[in-house]
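In my numbering, the protein residues as written are 661 to 1064.
Glycine included, every Cβ here is placed at the ideal spot set by N, Cα and C.
First comes the structure, then the notes that go with it.
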Amino acid sequence: MKPILTRTNADNATRFALVGGTAILPDRLLENSYIEFTRGVLTRIGQVPKQFPKGLEVIDVTGKYLAPGWIDIHLHGGAGADFMDGTQRAIETAAHAHLRHGTTTMFPTTTTGSQESIMKMIQAVADASEGNDDGLPTLEGVHLYGPYFLPEKSGCHKKTGCRTPKRDEFESYFKTGWIRIATCAAELPGADAFYRAASKRGCLITCGHSDASWNEMAAAHKLGMSHVDHFWCAMSSVPSVRARLGSPMQGSMAEFVLAHSTMSTEVIADGFHLAPELLQFAWQIKGSKLLALVSDTSRALDMPPGQYTFGDPKEEVWIESTGKVGLNPTGGLASSVVALDHCVRHMAKVTKIPLYEIVRMATLTPAERTGIADTRGSLEKGKRSDVLVLNNKLNVERVFYCGN
Ligand SMILES: [Zn+2]
Ligand SMILES: [Zn+2]
């Protein structure tokens, strides 16, 4: 099923209203709703009025759910393209693939590629974002994810590409003005300088692919690190910290995140990375305001099962898509092959979390954590007209989105 895509801030966009659907608000469902949009902005929300304003296109969405457009803070590609391919075409291909699944704002994510290939990717995102008027979703900024990982926790990323942060290198990325999310393993030498620089740039600062102890997390947290990438994946545990630092046993990233209401995290809810009880547990402890859903999708999204490169093809890192999940050659997990719509459906299917909280985790929570909640993430007056029409199985039937 191909959803209908409608760009809402194009010059010829008319005023329209979605009438009769169940609107998914951050804290409840609003049945028989009326939502009006004017030139890319939500201008009215409430119950269906007796009379509609003149000159308004009325779209009947009775029996449908309405959700804000998904916001994905961790994704690598789709439809055969990886953002690290580093061409405008690849960026557009991957972004369009996610748009068809309802993701209207995204943060293309780097790998442990070379400095040159990361710079090329950032430039390509800028080119795609600025050079397009044929309706791309919003590329809000780049998630500088690799290369500052602990090699022992590299996951499917090229181990030899993992490195310690050096000022010359990371400042070259920050100077582009495109980095909005910045990841670094907290225990690496130089992490403190990286966190300070990222903090100055106003990034969401995260720790991932790391074996950090509680104390290392605490030091990083003081410097602005407030998020952990894909909880339970490629991160430390009490036994892993014990193996590195000895006894007494110390807290790890997991305990630090669960214990602090100033720390947020995210889960890959594709059904293959984490079992239902872990998804439920993460929400139970962190709540929907501090837990985001991410897709962590590779280029294998909407592609047949088979072998694919992960990241810059020149690096020759191969993963296998089973059609349901990505695997690395040793059988470990290597990214998902689904988008956020699948993650929302999976959460609704296997957990007991209220639907509005599940949707919040794919919309308002990532918006708040990345500082864009003033314009996105919920169906509220004054926000952008990024809105999805979902059927009763939560499949995306129609995507209204603001272009870049
Ligand atoms: Zn990762
Ligand atoms: Zn990833």
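With a threshold of 8 Å on Cβ separation, who are the neighbours of lysine 818 within its own chain once the five nearest residues in sequence on each side are excluded?
Counting from 1 along the sequence shown, the entry for residue 818 is found at position 158. For lysine 818, where only same-chain residues beyond five positions count, the Cβ hits under 8 Å are Thr771, Thr772, Gly773, Gly971, Glu975 and Val977.
Is it the case that the region 1034 to 1053 contacts the region 715 to 727, given that we only count it when at least three CB pairs across the two stretches are under 8 Å?
yes
Based on Cα-Cα distance, which residue from Thr990, His756, Ser693 and Lys826 lies nearest to alanine 999?
Looking up residue 999 in the sequence shown gives position 339. When each option's Cα is compared against that of alanine 999, the closest is His756.
On the premise that aspartate 930 lies in contact with histidine 1006, defined as a C-beta separation below 8 Å, what is that separation, rounded to the nearest angstrom?
Indexing the sequence shown from 1 puts residue 1006 at position 346. Indexing the sequence shown from 1 puts residue 930 at position 270. Yes, histidine 1006 and aspartate 930 are in contact; Cβ-Cβ is about 7 Å, under 8 Å.
From histidine 933 to glutamate 717, what distance separates their C-alpha atoms?
As a first step, residue 933 must be located in the sequence shown, where it is residue number 273. As a first step, residue 717 must be located in the sequence shown, where it is residue number 57. Straight-line Cα distance between these residues: approximately 43 Å.
Using C-beta distances below 7 Å, list every residue in its chain close to alanine 894, excluding the 5 sequence neighbours before and after it, in chain order.
Counting from one through the sequence shown, the residue named residue 894 turns up at place 234. The residues are Lys813, Gly815, Gly868 and His869.
Simplified DSSP assignment, three categories, for aspartate 972
Mapped onto the sequence shown, residue 972 falls at position 312. The answer is coil: DSSP assigns aspartate 972 none of H, G, I, E or B.
Span of the beta strand (DSSP E) around arginine 667
The residue you call residue 667 lines up with position 7 of the sequence shown. 664 to 667 is the extent of the beta strand (DSSP E) around arginine 667.
Taking just the CA atoms, how far does phenylalanine 697 sit from threonine 769?
Reading the sequence shown from its first residue, position 109 is the one you call residue 769. Reading the sequence shown from its first residue, position 37 is the one you call residue 697. In a straight line, the C-alpha of threonine 769 is about 31 Å away from that of phenylalanine 697.
Should the region 1029 to 1041 be regarded as contacting the region 683 to 692, the criterion being three or more beta carbon pairs within less than 8 Å?
yes
Am I right that isoleucine 1018 and valine 1004 are in contact with their C-beta atoms under 8 Å? What's the rounded C-beta distance?
The residue given as residue 1018 occupies position 358 in the sequence shown. The residue given as residue 1004 occupies position 344 in the sequence shown. Contact flag correct, Cβ pair sits at about 6 Å.
Pick from Glu691, Ala786 and Tyr805 that is closest to histidine 736, judged by C-alpha positions:
Translated into positions along the sequence shown, residue 736 becomes position 76. Histidine 736 has its Cα closest to that of Tyr805, out of Glu691, Ala786 and Tyr805.
Three-state secondary structure (DSSP) of glycine 821:
Locating residue 821 in the sequence shown gives position 161, counting from the first residue. The answer is helix: DSSP assigns glycine 821 an H, G or I state.
So for tyrosine 805, helix, strand or coil by DSSP?
Within the sequence shown, numbered from 1, the residue matching residue 805 stands at position 145. Three-state result, tyrosine 805: coil.
Hey, could you find the ends of the alpha helix (DSSP H) cysteine 816 is sitting in?
Counted from its first residue, the sequence shown places residue 816 at position 156. Segment: none, cysteine 816 is in no alpha helix (DSSP H) and carries neither H nor E.
Collapsed DSSP secondary structure at proline 1014 in the structure displayed:
In the sequence shown, counting from the first residue as 1, residue 1014 sits at position 354. Correct three-state label for proline 1014: coil.
Got a sec, what are the start and stop residues for the alpha helix (DSSP H) asparagine 692 sits in?
Within the sequence shown, the letter at position 32 stands for residue 692. No alpha helix (DSSP H) contains asparagine 692, which is instead part of the beta strand (DSSP E) from 689 to 698.
If contacts are defined as beta-carbon pairs under 8 Å, then phenylalanine 891 and alanine 942 qualify, I think. What distance do you get, rounded to the angstrom?
In the sequence shown, counting from the first residue as 1, residue 891 sits at position 231. In the sequence shown, counting from the first residue as 1, residue 942 sits at position 282. Correct: roughly 6 Å between the Cβ atoms.
Just to check, is the beta-carbon of threonine 769 closer than 7 Å to a non-hydrogen atom of ligand 2?
To locate residue 769, count along the sequence shown from 1; it is residue 109. For ligand 2, at least one heavy atom lies less than 7 Å from the Cβ of threonine 769.
Quick check on the burial criterion: 16 or more other C-beta atoms within 10 angstroms. Buried or exposed for arginine 667?
Taking the first residue of the sequence shown as position 1, residue 667 is located at position 7. Flag for arginine 667 reads buried.
Do phenylalanine 830 and alanine 857 have their C-beta atoms closer together than 8 Å?
Against the sequence shown, residue 830 aligns to sequence position 170. Against the sequence shown, residue 857 aligns to sequence position 197. Yes, the Cβ-Cβ distance between phenylalanine 830 and alanine 857 is below 8 Å.
Length-filtered (3 minimum) beta strand (DSSP E) runs lying within the region 817 to 863:
839 to 843
Check: tyrosine 805 C-beta below 7 Å from any heavy atom of ligand 2
Sequence index remark: in the sequence shown, residue 805 carries index 145 (1-based). The answer is yes for tyrosine 805.
Cβ of serine 870 versus every heavy atom of ligand 2: is any distance shorter than 7 Å?
Here residue 870 refers to the residue found at position 210 of the sequence shown. No, the beta carbon of serine 870 sits no closer than 7 Å to any heavy atom of ligand 2.
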